[in-house]
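Note sheet for the following structure.
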Amino acid sequence: MSEILARKLAIETTNKIKEYNKIYFDPPNKSLRSRYDNLLSCVTASSKLSKIDR
Numbered sequence: 008m009s010e011i012l013a014r015k016l017a018i019e020t021t022n023k024i025k026e027y028n029k030i031y032f033d034p035p036n037k038s039l040r041s042r043y044d045n046l047l048s049c050v051t052a053s054s055k056l057s058k059i060d061r
């Protein structure tokens, strides 16, 4: 069960990082706040993933 959850979370994290890259690096007019929020969501997702590994 936890393996399925970890896999799902890994896919979710990858998608978040792709989304982050698109939002953070593409439009120069994006506000710093939304860039920060996006980065924070990527970090949160990856920390959830590392907790499952332990």
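The opening position of the sequence shown corresponds to residue 8 in the numbering used here, with each subsequent residue numbered one higher. Glycine included, each C-beta is placed from N, C-alpha and C at the ideal position. Model, not experiment: these values are computed from the prediction.
CB-CB under 7 Å to serine 53, same chain, minus the five flanking residues each way: which ones, in chain order? The answer, listed in chain order, is Thr20.
For serine 38 and aspartate 44, I'd like the C-alpha separation in whole angstroms. Whole-angstrom Cα-Cα distance: 10 Å.
I'd like to know whether the C-beta atoms of leucine 56 and tyrosine 27 end up nearer to each other than 8 Å. Annotated as distal: leucine 56 and tyrosine 27, with beta-carbon spacing of 8 Å or more.
Coil, strand or helix - threonine 38 by DSSP: This sequence places serine at residue 38; threonine is not what is there. Three-state result, serine 38: coil.
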